[in-house]
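Numbering follows this note's numbering, with no gaps: position 19 of the sequence shown is 239. Input: a single structure, listed below in structure tokens.
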Amino acid sequence: MQAPGFDSEQSGIPQYILVVNGKPEGPFTIEELKTRGIKPGDFIKTPAMDDYKEAHEVAELRQLFGFSRQPVPIQYFGSFDQRLLASALDWFIVSGGFILVAFIAILFIQDKFIRLIISFSLLIIIPLTKLVYHIVMESSVKQATIGKLILKIRVCDIYGERITVGRAMGRNVAKILTVLTLFVGYILAFFNKKQQCLHDMIAETLVIKDRLE
221 MQAPGFDSEQ SGIPQYILVV NGKPEGPFTI EELKTRGIKP GDFIKTPAMD
271 DYKEAHEVAE LRQLFGFSRQ PVPIQYFGSF DQRLLASALD WFIVSGGFIL
321 VAFIAILFIQ DKFIRLIISF SLLIIIPLTK LVYHIVMESS VKQATIGKLI
371 LKIRVCDIYG ERITVGRAMG RNVAKILTVL TLFVGYILAF FNKKQQCLHD
421 MIAETLVIKD RLE
């Protein structure tokens, strides 16, 4: 019986690259994968994929081979120092432009009241811009802000999949609670195997690093 959603015409086309002993081999057809007896944890890649995935992460292979979907393995979680550096980079990227423009404007404006308004407006504009920036970037195809891309980490759900705009919004709004706990919400990352901060736990998200270069 054909697996639901699986195109039988593709089964005979070699399209699966399989990592064997740390080296990519193939491409293989579905039948060749069956002959090789692939396991849920074997790394697979097709031309349509941006990165390698474990076999259990690929829907059609779960259907064909009866694999169960598994949470992201521990060794793939982004470290706290990677996340901290990425946050610092994003802060400079988002805030730097506004601060520079405001500084130049203040130099040419003599009215002290207007200067004060410009200065205090940054306290509203920068956080709102950062919120939108993180939501848009983390729910995008890249799954990461510019800072995270530089550090080669990205945001995903507990199965390693791209998050929705709604989940990205929930994750970033939940950062308010992480801060209101006197940053204890960030410290939680040191005490759980998934290295989740409080906002990650609330939104059921993870920050993971690239597995194969």
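No residue lacks a Cβ here, since even glycine has one placed at the ideal position from N, Cα and C. The structure displayed is predicted, hence computed values, not measured ones.
If you draw a straight line from the C-alpha of residue i to the C-alpha of residue j, how long is it?
| i | j | result |
| --- | --- | --- |
| residue 418 | residue 412 | 11 Å |
| residue 310 | residue 353 | 9 Å |
| residue 374 | residue 318 | 25 Å |
| residue 223 | residue 320 | Bear in mind that the predicted position of residue 223 carries a pLDDT of just 45, short of 50, making it too unreliable to give a figure here. |
| residue 257 | residue 378 | 27 Å |
Per DSSP, residue i is paired with what?
| i | result |
| --- | --- |
| residue 253 | Its beta-bridge partners do not exist; DSSP assigns none. |
| residue 379 | Note: residue 379 sits in no beta bridge, so no partner. |
| residue 335 | In the DSSP output, where bridge partners are listed per residue, residue 335 has none listed. |
| residue 236 | 248 |
| residue 413 | Answer is none; residue 413 lacks a bridge partner. |
| residue 373 | 429 |
| residue 243 | 240 |
| residue 273 | 264 |
| residue 297 | 428 |
Please classify residue i as buried or exposed, where buried requires at least 16 neighbouring CB atoms within 10 angstroms.
| i | result |
| --- | --- |
| residue 229 | Low confidence applies to residue 229: its pLDDT is 47, below 50, so where it sits in the model is not reliable, and the reading given next is rough at best. It counts as exposed. |
| residue 325 | exposed |
| residue 359 | buried |
| residue 263 | buried |
| residue 350 | buried |
| residue 410 | exposed |
| residue 340 | exposed |
| residue 238 | buried |
| residue 287 | buried |
| residue 330 | exposed |
| residue 261 | exposed |
| residue 242 | exposed |
| residue 402 | exposed |
Which residue comes first and which comes last in the alpha helix (DSSP H) that contains residue i?
| i | result |
| --- | --- |
| residue 312 | 300 to 328 |
| residue 404 | 404 to 407 |
| residue 280 | 279 to 285 |
For the beta strand (DSSP E) containing residue i, name the first residue and the last one.
| i | result |
| --- | --- |
| residue 266 | Neither: residue 266 is in no beta strand (DSSP E) and is coded neither H nor E. |
| residue 395 | From DSSP, residue 395 is part of no beta strand (DSSP E) but of the alpha helix (DSSP H) over 395 to 400. |
| residue 426 | 425 to 429 |
Are the stretch 381 to 394 and the stretch 413 to 430 touching, with three or more C-beta to C-beta distances below 8 Å?
yes
Would you call the stretch 350 to 364 and the stretch 387 to 402 touching, i.e. three or more CB-CB distances under 8 Å?
yes
Is it a yes or a no for the stretch 272 to 283 touching the stretch 299 to 315, going by three-plus beta-carbon pairs under 8 Å?
no
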